[in-house]
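All remarks here apply to the structure that follows.
Number of protein chains: 4
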Amino acid sequence: MTQQQLLNNITIEFDPRSQLCEAASHFYKQGWMLGTAGNLSVKLKDGSFWITGSGKSKGELCLDDFVRVYPDVYPEGTEAVINEAIAPQFKALKPSAETSIHQVIYEIFPEVCACYHVHSIEANLVSNFVEGDELPLPALEMLKGLGVWEENPNCTMPLFTNHFHVPKIAADIRSYFQSNQKKQTQVPALLIRNHGITVWANSPKTAFHYIEVAEYIFRYMVAAKKAGI
Amino acid sequence: MTQQQLLNNITIEFDPRSQLCEAASHFYKQGWMLGTAGNLSVKLKDGSFWITGSGKSKGELCLDDFVRVYPDVYPEGTEAVINEAIAPQFKALKPSAETSIHQVIYEIFPEVCACYHVHSIEANLVSNFVEGDELPLPALEMLKGLGVWEENPNCTMPLFTNHFHVPKIAADIRSYFQSNQKKQTQVPALLIRNHGITVWANSPKTAFHYIEVAEYIFRYMVAAKKAGI
Amino acid sequence: MTQQQLLNNITIEFDPRSQLCEAASHFYKQGWMLGTAGNLSVKLKDGSFWITGSGKSKGELCLDDFVRVYPDVYPEGTEAVINEAIAPQFKALKPSAETSIHQVIYEIFPEVCACYHVHSIEANLVSNFVEGDELPLPALEMLKGLGVWEENPNCTMPLFTNHFHVPKIAADIRSYFQSNQKKQTQVPALLIRNHGITVWANSPKTAFHYIEVAEYIFRYMVAAKKAGI
Amino acid sequence: MTQQQLLNNITIEFDPRSQLCEAASHFYKQGWMLGTAGNLSVKLKDGSFWITGSGKSKGELCLDDFVRVYPDVYPEGTEAVINEAIAPQFKALKPSAETSIHQVIYEIFPEVCACYHVHSIEANLVSNFVEGDELPLPALEMLKGLGVWEENPNCTMPLFTNHFHVPKIAADIRSYFQSNQKKQTQVPALLIRNHGITVWANSPKTAFHYIEVAEYIFRYMVAAKKAGI
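Chains as they are written, first to last, in the UniProt record's numbering: chain A, 1 to 229; chain B, 1 to 229; chain C, 1 to 229; chain D, 1 to 229.
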């Protein structure tokens, strides 16, 4: 591990919230976290994670706008359990309504320490390009940025139904990855129909790149469909 | 009420113009207040409201570019009445040509204290997607940002004819909401054909979010139509 | 004339170049003056005008990147004449290749003191929407920003053929406006096919707004065509 | 040569990396170097060149993120040879995976001293507009910005197949230009299918303009196709 990587890790351990504020501000400027949409989290070494609070303007987050969630026990990721899991000093601030999705991602992929969810227009559009639960991705060179290092890659992204009750989405995600346990996930990302993308990575910086690259691919797909190619 | 909410209210009461300058500058950068288009207002506790002056560049407003309107009497919202209603020290500056629309919104919704009107390209486009006076909105997760908390919501936005004489538009709006008095408005926003969106809220910050979310939905609708989905 | 208008005029008279640098930088950021494309000019009281030099990056102009042209004699706007017309201290810097178009505009419209020419993608696209020499404009509320104050306005913008030899374009423009002398020009703007828009106004600020509004209308037209409405 | 040109050259000779950081940051903001995509290089007088390191975020490069490559020997541009060619003090940092393409460009065009490669969505799209190896370009005035000074120019851009093994792409490029040695290249740019554009120029500033103008033309082509013109 280089000194820089070491320093990055130390920063993450001590307080990842500034980095999340910066990422959210950037995503807001891209139009991916408008209103109060989207949520970002980073897991700490003790297994707890910082996540953006509910109802906050993502373009102007400050350190007080995060909730630290201690998911020691989360049998089925219900909202009740999540509320139990919040550290007392943050009880006044509600964690993101989609906290259960972050919890499930950290549960399924233990090596993951960052989980980002944003709502781009293009992610919503491509989620309506197919009827099934797998979205085929075009063979762009940029797929390398999602970790796909193949000649003419043929990959898909899992696509979930949007439910009003978010823990139901989380349960679908857990169930999908558990039943596909032996199948490698092709890309570290999933879509919820009409509800945006979620990516996960072993560092906040890589999660940031994954969002960028996935959104690039969605923009390409939308433009290709409009141009009829 | 939290201390922050209290402080926000105090700021609004004392002078909301800086916040309006900032919002206008942001909307200008999005391309929604180009030239001198659009107008923003905030109502004070005495029932008067500050509104952007006519013919000002919205990207670079200063405090002197606003007019304070005292609409104690506004029988049918004519321009003559509006001119009467302007405080003497601001007679030199004309209030926005669309002041009568703001007046009607404050009249119909007494709890509202901010009313924003911008001219995006997408708002103009979607206003031509239907012939009637109701625009159906897609069931995006982002609708939550307009206060719609339902599974697969099925909602519409009212759509008005553009008249050269603005008080005629204002009269149509009053008449629409009066005749639908018992029907809940589904979203705090209305469209004027070829003339942009108007939103209203109980705080400037919420009005800002409503504009963002509504414009997001319009961009989605335009892109979906272009992509044929 | 208000004190502010007076001050604006004094600034223009003394040196309008800073204002042109700022406008060019803004247009560059919009993608309308990429590479070294486009040119801006402001006329002074003595009939001479400052114009951007040829081959300069429009996103980062400085005061030395302008040429002052003294068009006392310009029989048919040839390049030779233009070179004659340049003040000696600026002979090293060539004026914009399209100086003859600015000269013709100042000649036809004596009250005009600013002329801006930019190359947007949308201006190029709409110039290919029709085959004739008049582009119909949609009846958007935003047309008010080009000085069209009518109910459901029905207006067009003149459209010229692009010639490699720019003075030939300039001659076409002079000829068009001379033969239509009695007809009011509907909007203070013209298009050259595949070559962008030129606007003129009685102040640099108004020319800036005209560019913004015209480009807004072109973007609307392109999007409406793509969406099939 | 003017004093400014002289100073530019001196800067380039002494250290072109700051200029590359700035260009990369700008391209990143345009969405052309997202994730860690793209690479920029500048050749020095001794024939070596500075190139962006592999896996770096292009929006926030610093001087340490570059590798200096000494291509004294590069028989067929293999990766092995490139690794040999890296100055010892930079062995820790890998040069861009596409270094072999830069090497070939500097080899074919000895007067070139800057080579830029970016990944726009539009470059990917237009690379799928034709099946052959030449992309026809529209006759826009903006083509002058790529050095095409003709009435109604009729030009094309060479288009290469994307191979997973980059030196194979480099070999195709060398072979194409060697077999077309006597044919003038029409524009200083080439496309790789689904993999973006590469431009070359005799100064970093001109390479920057070439990228801007080429991307402008691609955006026009995509929009024209979407609008059906």
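Virtual Cβ for every residue (Gly too), placed ideally from N, Cα, C.
Practice prompt. Report buried or exposed for Ser-18 of chain A, applying the criterion of at least 16 other Cβ atoms within 10 angstroms of its Cβ.
Written response: If you number the first sequence from 1, residue 18 of chain A lands on position 18. It counts as exposed.
Worksheet entry | beta strand (DSSP E) segments (min. 3 residues) lying fully within the segment 158-202 of chain D | 189-192 and 196-201
Practice prompt. Within its chain, find whatever has a CB closer than 6 Å to the CB of Ala-92 of chain D; leave out the 5 residues flanking it on each side and keep chain order.
Written response: Numbered from 1 along the fourth sequence, position 92 holds the residue referred to as residue 92 of chain D. Answer for Ala-92 of chain D: no residue qualifies.
Worksheet item: Under the three-state reduction of DSSP, which class applies to Val-222 of chain D: helix, strand or coil?
Response: Translated into the one-based positions of the fourth sequence, residue 222 of chain D becomes position 222. If DSSP states are grouped into helix, strand and coil, Val-222 of chain D belongs with the helices.
Discussion item. I want to see whether chain C comes within less than 9 Å of Val-222 of chain B, judged by CB atoms only; does it?
Written reply: If you number the second sequence from 1, residue 222 of chain B lands on position 222. Cβ-Cβ to chain C under 9 Å: yes for Val-222 of chain B.
Practice prompt. Check the Cβ of Val-42 of chain A against every Cβ in chain D and list those closer than 9 Å, keeping chain order.
Written response: Here the question's residue 42 of chain A lines up with position 42 in the first sequence. Within chain D, no residue comes near Val-42 of chain A; the closest Cβ sits about 18 Å away, beyond 9 Å.
Worksheet item: Asp-46 of chain B: buried (16+ other C-beta within 10 angstroms of its C-beta) or exposed?
Response: Mapped onto the second sequence, residue 46 of chain B falls at position 46. It is exposed - the Cβ of Asp-46 of chain B has fewer than 16 other Cβ atoms within 10 Å.
Item to complete: With Lys-29 of chain C as the anchor, note down where its beta strand (DSSP E) starts and where it stops.
Response: By 1-based counting over the third sequence, the position of residue 29 of chain C is 29. Note, Lys-29 of chain C: premise wrong, no beta strand (DSSP E); alpha helix (DSSP H) at 17-30.
Item to complete: Look at the alpha carbon of Glu-107 of chain D and the alpha carbon of Val-130 of chain A, and state the distance between them as a whole number of angstroms.
Response: As a first step, residue 107 of chain D must be located in the fourth sequence, where it is residue number 107. As a first step, residue 130 of chain A must be located in the first sequence, where it is residue number 130. So the alpha carbons of these two residues sit roughly 47 Å apart.
Item to complete: Identify, in the order they occur along the chain, each residue of the same chain with its Cβ nearer than 7 Å to the Cβ of Glu-98 of chain A, setting aside the five sequence neighbours on each side.
Response: As a working mapping, residue 98 of chain A is identified with position 98 in the first sequence. Cβ neighbours of Glu-98 of chain A beyond the five flanking positions: Asn-39, His-117 and Val-166.
Worksheet item: For Val-126 of chain B and chain A, any beta-carbon pair shorter than 9 Å?
Response: As a working mapping, residue 126 of chain B is identified with position 126 in the second sequence. No, no contact with chain A.
Worksheet item: Can Gly-55 of chain A and Lys-29 of chain A be called in contact, C-beta distance under 9 Å?
Response: One-based indexing of the first sequence puts residue 55 of chain A at position 55. One-based indexing of the first sequence puts residue 29 of chain A at position 29. No.
Discussion item. Measuring straight from C-alpha to C-alpha, what distance separates residue 232 of chain C and Ile-217 of chain C?
Written reply: Within the shown structure, residues of chain C are numbered from 1 to 229, placing residue 232 of chain C beyond reach of any answer.
Worksheet item: CA-CA distance, Thr-156 of chain C and Val-69 of chain D?
Response: Taking the third sequence and counting its residues from 1, one reaches residue 156 of chain C at position 156. Taking the fourth sequence and counting its residues from 1, one reaches residue 69 of chain D at position 69. Roughly 57 Å between the two C-alpha positions.
Worksheet item: Of all the options B:Pro-158, B:Val-112 and B:Asn-162, which has the alpha carbon lying nearest to the alpha carbon of Pro-153 of chain C?
Response: Start at 1 with the first residue of the third sequence, and residue 153 of chain C comes out as number 153. If we check each option's Cα against that of Pro-153 of chain C, B:Asn-162 comes out closest.
Item to complete: Look at Val-187 of chain C and Leu-143 of chain C and say whether their C-beta atoms are less than 9 Å apart.
Response: For the purposes of this step, residue 187 of chain C is taken as the residue at position 187 of the third sequence. For the purposes of this step, residue 143 of chain C is taken as the residue at position 143 of the third sequence. Against a cut-off of 9 Å, the Cβ pair of Leu-143 of chain C and Val-187 of chain C comes out as a contact.
Practice prompt. May I ask which residues mark the beginning and end of the beta strand (DSSP E) holding Asn-39 of chain A?
Written response: On the first sequence, residue 39 of chain A is found 39 positions in, with the first residue counted as 1. Element bounds for Asn-39 of chain A: 39-43.
Discussion item. Looking at Ile-105 of chain D: is its Cβ nearer than 9 Å to the Cβ of Ile-173 of chain D?
Written reply: For the purposes of this step, residue 105 of chain D is taken as the residue at position 105 of the fourth sequence. For the purposes of this step, residue 173 of chain D is taken as the residue at position 173 of the fourth sequence. Against a cut-off of 9 Å, the Cβ pair of Ile-173 of chain D and Ile-105 of chain D comes out as a contact.
Fill in: Inter-residue CB distance, Val-42 of chain A and Ala-123 of chain A (contact presumed, cutoff 8 Å)
Residue mapping note: residue 42 of chain A aligns to position 42 of the first sequence, counting from 1. Residue mapping note: residue 123 of chain A aligns to position 123 of the first sequence, counting from 1. Between Ala-123 of chain A and Val-42 of chain A the Cβ distance is about 21 Å, and since that is not below 8 Å, they are no contact.
Worksheet item: Can you check whether the CB of Ser-57 of chain C is closer than 9 Å to the CB of Ala-170 of chain C?
Response: Indexing the third sequence from 1 puts residue 170 of chain C at position 170. Indexing the third sequence from 1 puts residue 57 of chain C at position 57. It is not a contact, given that the beta carbons lie outside the stated cut-off.
Worksheet item: Given that a residue counts as buried once 16 or more other Cβ atoms are within 10 Å of its Cβ, and exposed if not, what is Phe-27 of chain C?
Response: Taking the first residue of the third sequence as position 1, residue 27 of chain C is located at position 27. Burial call: buried.
Practice prompt. Step through the CB atoms of chain C and report whether any lies within less than 9 Å of the CB of Asn-180 of chain B.
Written response: For the purposes of this step, residue 180 of chain B is identified with residue 180 of the second sequence, where counting begins at 1. Judged by the 9 Å Cβ criterion, Asn-180 of chain B is not in contact with chain C.
Worksheet entry | C-beta atoms of Met-221 of chain C and Val-126 of chain C nearer than 9 Å | For the purposes of this step, residue 221 of chain C is taken as the residue at position 221 of the third sequence. For the purposes of this step, residue 126 of chain C is taken as the residue at position 126 of the third sequence. Closer than 9 Å, so yes.
Fill in: Asn-194 of chain C: contacting residues in chain D (beta-carbon distance under 7 Å)
If you number the third sequence from 1, residue 194 of chain C lands on position 194. Result: Ala-139, Leu-140 and Glu-141.
Worksheet item: In whole angstroms, what is the alpha-carbon distance linking Gly-132 of chain A and Asn-194 of chain A?
Response: As a first step, residue 132 of chain A must be located in the first sequence, where it is residue number 132. As a first step, residue 194 of chain A must be located in the first sequence, where it is residue number 194. Cα to Cα, the separation comes out at about 14 Å.
Discussion item. When you compare the CB positions of Gly-145 of chain B and Leu-34 of chain A, do they come within less than 9 Å of one another, or not?
Written reply: Counting from 1 along the second sequence, the entry for residue 145 of chain B is found at position 145. Counting from 1 along the first sequence, the entry for residue 34 of chain A is found at position 34. Cβ atoms of Gly-145 of chain B and Leu-34 of chain A: closer than 9 Å.
Item to complete: Identify every residue that forms a DSSP beta bridge with Trp-50 of chain A.
Response: Along the first sequence, one-based indexing puts residue 50 of chain A at 50. DSSP lists A:Val-42 and A:Arg-68 as partners of Trp-50 of chain A.
Discussion item. With H, G and I counted as helix, E and B as strand and the rest as coil, what does DSSP make of Leu-135 of chain B?
Written reply: Looking up residue 135 of chain B in the second sequence gives position 135. DSSP places Leu-135 of chain B in strand when its eight states are reduced to three.
Discussion item. Considering just the uninterrupted stretch of the beta strand (DSSP E) at His-117 of chain B, what are its terminal residues?
Written reply: In the second sequence, counting from the first residue as 1, residue 117 of chain B sits at position 117. Residues 114-118.
Discussion item. Determine whether the beta carbon atoms of Phe-160 of chain A and Tyr-176 of chain A lie at a separation below 9 Å.
Written reply: Here residue 160 of chain A corresponds to residue number 160 of the first sequence, with the count starting at 1. Here residue 176 of chain A corresponds to residue number 176 of the first sequence, with the count starting at 1. Against a cut-off of 9 Å, the Cβ pair of Tyr-176 of chain A and Phe-160 of chain A comes out as a contact.
Worksheet item: Does DSSP classify Thr-36 of chain A as helix, strand or coil?
Response: By one-based count along the first sequence, residue 36 of chain A stands at place 36. Three-state result, Thr-36 of chain A: coil.
Item to complete: Closer than 9 Å by beta-carbon distance: list the chain D residues that pair up with Phe-129 of chain C, in chain order.
Response: Here residue 129 of chain C corresponds to residue number 129 of the third sequence, with the count starting at 1. Going along chain D in sequence order, the residues near Phe-129 of chain C (Cβ under 9 Å) are Ala-227 and Ile-229.
Worksheet item: Does the separation of the CB atoms of Thr-198 of chain B and Ile-192 of chain B fall below 9 Å?
Response: In the second sequence, counting from the first residue as 1, residue 198 of chain B sits at position 198. In the second sequence, counting from the first residue as 1, residue 192 of chain B sits at position 192. Yes, the pair counts as a contact, with Cβ atoms nearer than the cut-off.
Worksheet item: In chain D, what lies closer than 7 Å to Glu-151 of chain A by C-beta?
Response: Working through the first sequence from its first residue, we reach residue 151 of chain A at position 151. In chain order: Phe-164.
Practice prompt. Quick one: list the residues of chain D neighbouring Gly-145 of chain A, beta-carbon separation under 8 Å, in chain order.
Written response: Position 145 of the first sequence, counting from 1, holds the residue named residue 145 of chain A. Here the neighbours are Leu-34, Gly-35, Thr-36 and Ala-37.
Fill in: Counterpart residues of Pro-95 of chain A in DSSP-defined beta bridges
The count along the first sequence starts at 1 and reaches residue 95 of chain A at position 95. Paired residue(s): A:Gly-53.
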